[in-house]
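Residue numbers (my numbering): 488 to 589. Backbone N, C-alpha and C fix where the C-beta goes; we use that ideal spot for every residue, glycine too. Everything on this sheet refers to the single structure shown next.
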Amino acid sequence: MTTALTDSRYRYRIFAMVFFIALINYVDRGALSFAANDISREFNFNKAQLGAVLGYFGFGYLFGSLCGGFLADRVGTKKVWLIAGALWSLLEIATAWAGELG
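Put into structure tokens, the structure is as follows:
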């Protein structure tokens, strides 16, 4: 195989991986708005408390994006993607036990 063909296939694999990670990320983020009413009922939140929860989620997202961008500039995008993906996966798995915390 030629180098150009190998590079092209590698590029498409990376693109597909990043695309699906971003797709799952945004679907996951959007699921919070669909679950907001159920969360509010389960934890007896009023509208102000639910707004605070959703707002903190937004601030956490902002903080994570800023830190991720800074780290990507300093450490490199490949390492940041790997670490962020692993951390995100672990935290997603941990949500299975979220109901047992309170």
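Length of the line joining the Cα atoms of residue i and residue j
i    : j    : result
W584 : I526 : 15 Å
R561 : G551 : 15 Å
L558 : L578 : 20 Å
F532 : S495 : 51 Å
G563 : R516 : 25 Å
T493 : Y499 : 10 Å
A581 : K534 : 27 Å
A503 : Q536 : 39 Å
V505 : F546 : 23 Å
A522 : L574 : 23 Å
N512 : Y548 : 11 Å
Residue i in three-state terms, based on DSSP
i    : result
N670 : With the chain running from 488 to 589 in the structure shown, residue 670 is simply not present.
V567 : helix
N531 : coil
V505 : helix
V562 : coil
Presumed contact (8 Å Cβ cut-off) between residue i and residue j, rounded CB distance
i    : j    : result
I508 : G572 : 7 Å
V567 : G555 : 6 Å
Sequence-distant residues of its chain with Cβ nearer than 8 Å to residue i (five each side left out)
i    : result
F544 : L519
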